[in-house]
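Quick note: this note's numbering has the sequence shown finishing at residue 496, numbered continuously throughout.
Where is the CB? At the ideal position from N, CA and C, for every residue including glycine.
From a predicted model like this one, the values you see are computed outputs, not experimental measurements.
Heads up, the thing below is written out as structure tokens.
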Amino acid sequence: MGIPFMPSPLDQQLLGRDRAYRKLFVGMLNKQQSEDDVRRLFEAFGNIEECTILRGPDGNSKGCAFVKYSSHAEAQAAINALHGSQTMPGASSSLVVKFADTDKERTMRRMQQMAGQMGMFNPMAIQFGAYGAYAQAVSIDSMTLNAFSEADFQAVTVDIGASSI
């Protein structure tokens with residue numbers, strides 16, 4: 332009986348990346364194109380597992396899609412061949428083909444957007460002179476508090492209440 336193969340952490344990370352980077356975002360499509368049209372455009376580069384055109388609430392195409400390949404190499408070949416290669420009828424610029432964000436990247440981008448919207452840097456803090464650093468710290472603390480859901484806040488309150496009894 333052979334020794335079981337255990338991939339190293341680096342191998343696991345690379346395997347995970349290859350699994351994650353099989354899905355493409357395709358932008359600047361003709362809004363009249365169907366999933367079959369998009370499949371035909373991309374099938375020359377490998378086995379397509381999924382093809383989904385993004386649609387609005389009215390059912391009309393948003394002019395973009397996701398295409399998922401069986402392998403990272405197939406997805407990369409499609410990017411190399413199709414990105415910027417043509418302008419679809421009715422589109423404002425050339426075809427955009429790139430790797431879709433992973434869940435982790437999407438989460439990080441949303442967190443950065445929220446931090447920007449909630450004012451990680453508070454311009455009001457500058458106006459308080461000597462109290463500027465304090466005002467900015469209070470702003471960041473309040474943003475952190477707002478990040479907790481009500482249930483989390485209640486759980487913390489219950490824990491504090493129980494420990495003081």
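Review point. By Cβ distance, which residues of its chain are closer than 6 Å to G358, with the 5 residues on each side in sequence left out?
Key: Stepping through the sequence shown from its first residue, residue 358 is reached at position 27. Around G358: C395 and V427.
Check your understanding: Looking at the unbroken alpha helix (DSSP H) that takes in R440, where does it start and where does it end?
Key -> Residue mapping note: residue 440 aligns to position 109 of the sequence shown, counting from 1. D434 to M449 is the span of the alpha helix (DSSP H), which, as asked, contains R440.
Point to revise | DSSP beta-bridge partners of E381 | key: As a position in the sequence shown, residue 381 is number 50, starting the count at 1. As computed with DSSP, E381 is found in a beta bridge with K399.
Point to revise | DSSP bridge partner residues for V428 (one or two, in chain order) | key: Counting from 1 along the sequence shown, the entry for residue 428 is found at position 97. Partner(s): V357.
**Study point:** Whole-number beta carbon distance between F397 and T383, since they are thought to touch under 8 Å
**Key:** Position 52 of the sequence shown holds residue 383. Position 66 of the sequence shown holds residue 397. Their Cβ separation, rounded to whole angstroms, is 5 Å, which keeps T383 and F397 in contact under 8 Å.
Point to revise | Beta-ladder partner(s) of R386, from DSSP | key: Counted from its first residue, the sequence shown places residue 386 at position 55. BP columns for R386 point to S392.
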